[in-house]
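Peer 1: Quick one: this structure, given as structure tokens, is what I'll be asking you about.
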Amino acid sequence: MKTIEQLRRDFALYIEEIERCENTKCYWALLHVLLSLPDVCASLQTDSASAKKPNVSDRYVDWCAAYFPKSSTVSGNDRYQMRNALLHSGSTTSRNLGKTHQTGYKHFSYVDPDTFDISVHDTTNQSHTVLNVHIPAMAVETKQALESWFSALQGDPIKMSRVEQNIGLLTRLQPKRIVVTKSKGSKIERTGLTRSST
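First residue of the sequence shown? That's 1 in our numbering, and the numbers climb one at a time after it.
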């Protein structure tokens, strides 16, 4: 069974990317990484051979509900609709895609951390139609959710078994040798680092 430390190493590419985005204030790119991570984790723990696979929305919402810190203003449904709006439409306006997992928020406002402090995180406007999100605070929550998931896997041999079966597909930073064939048939070899699953 994988240890928590081994799982951290498996997810090093993602954790380091979160930290790199935070350090360089690439908050928009950071948000994309944060919203995609629950998909990655939920997919890894899913039995791909099962005929009764949960759909993507159920997996995402269930993962968020289980591992993110509890909040009175943000649910797994809200996070799922944030993901849909941003990753599928490049928008901050909720479209409530799907029949289930709806959000009560019409808009998500990702505040500029250089002009708003963390106190605005997970607050709403007076009519409760806009959710304000402080992206660095969301990064902290996401890293906490990963750690909670790593810990929970230690006590769940079935999910851990699925993760171990699927983790080899996870993208990672690794050395690679690439042989390139030039137009006249000559070959050159290059070595370097790649972000890939192979």
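Note that CB positions come from ideal geometry on N, CA and C, so glycine has one too.
(1) Thinking C-beta only, is Asp10 closer than 9 angstroms to Ala42?
(2) Once the 5 residues before and after Gly98 are set aside, which same chain residues still bring their CB inside 6 angstroms of it?
(3) Out of curiosity, what's the CA-to-CA distance linking Glu17 and Thr194?
(4) Could you give the first and the last residue of the continuous alpha helix (DSSP H) run that contains His107?
(5) Compute the distance between the beta-carbons of Leu86 and Phe108, then report whether it is under 9 angstroms.
(6) Give every residue of the same chain whose Cβ lies closer than 6 angstroms to the Cβ of Pro209, excluding the five residues on either side of it in the sequence, and list them in chain order.
(7) How is the beta strand (DSSP E) around Ser48 delimited, first residue to last?
(8) To the nearest angstrom, report how far apart Val74 and Ala29 are at their CA atoms.
(9) Cutting at 6 angstroms between CB atoms, please list the residues of its own chain near Met1, excluding the five before and the five after it.
(10) Please state whether the Cβ-Cβ distance between Thr142 and Asn132 is less than 9 angstroms.
(11) From Pro69, Pro54 and Asn55, pick the residue whose C-alpha is nearest to that of Ala139; which is it?
(12) Check for me: the beta strand (DSSP E) holding Asn132 runs from which residue to which?
(13) With a CB to CB cut of under 6 angstroms and the five nearest residues on each side skipped, what residues in its chain are close to His101?
(14) Measuring alpha carbon to alpha carbon, tell me which of Ser36, Leu170, Phe150 and Val33 ends up nearest Ala66.
Peer 2: Concretely, from the data shown:
(1) For the purposes of this step, residue 42 is taken as residue 42 along the sequence shown, with counting starting at 1. For the purposes of this step, residue 10 is taken as residue 10 along the sequence shown, with counting starting at 1. Asp10 sits away from Ala42, with the two beta carbons spaced by 9 angstroms or more.
(2) Within the sequence shown, the letter at position 98 stands for residue 98. In the same chain as Gly98, and ignoring 5 residues on each side of it, the C-beta atoms closer than 6 angstroms to its own belong to Ser57, in chain order.
(3) Translated into positions along the sequence shown, residue 17 becomes position 17. Translated into positions along the sequence shown, residue 194 becomes position 194. Glu17 and Thr194 have their C-alpha atoms spaced approximately 14 angstroms apart.
(4) One-based indexing of the sequence shown puts residue 107 at position 107. Where His107 is concerned, there is no enclosing alpha helix (DSSP H), although the beta strand (DSSP E) it sits in stretches over His107 to Val111.
(5) Stepping through the sequence shown from its first residue, residue 86 is reached at position 86. Stepping through the sequence shown from its first residue, residue 108 is reached at position 108. Yes, the Cβ-Cβ distance between Leu86 and Phe108 is below 9 angstroms.
(6) In the structure as shown, the chain begins at 1 and stops at 198. Residue 209 is therefore absent and cannot be evaluated.
(7) Counting from one through the sequence shown, the residue named residue 48 turns up at place 48. Boundaries for Ser48: no beta strand (DSSP E) harbours it, and the DSSP string shows neither H nor E there.
(8) Along the sequence shown, read from residue 1 onward, the residue named residue 74 stands at position 74. Along the sequence shown, read from residue 1 onward, the residue named residue 29 stands at position 29. Each residue's alpha carbon lies about 21 angstroms from the other.
(9) In the sequence shown, counting from the first residue as 1, residue 1 sits at position 1. Here the set comprises Met160.
(10) Working through the sequence shown from its first residue, we reach residue 142 at position 142. Working through the sequence shown from its first residue, we reach residue 132 at position 132. In this structure, Thr142 lies away from Asn132, with their beta-carbon atoms at least 9 angstroms apart.
(11) Within the sequence shown, numbered from 1, the residue matching residue 139 stands at position 139. Nearest to Ala139 by alpha-carbon distance, out of Pro69, Pro54 and Asn55, is Pro69.
(12) By 1-based counting over the sequence shown, the position of residue 132 is 132. Per DSSP, Asn132 is one residue of the beta strand (DSSP E) stretching across Val130 to His134.
(13) By one-based count along the sequence shown, residue 101 stands at place 101. Answer for His101: Ser57, Val61, Asn77 and Tyr80, listed in chain order.
(14) As a first step, residue 66 is located in the sequence shown; it is residue number 66 there, counting from the start. Each of Ser36, Leu170, Phe150 and Val33 was checked against the Cα of Ala66, and the nearest Cα belongs to Phe150.
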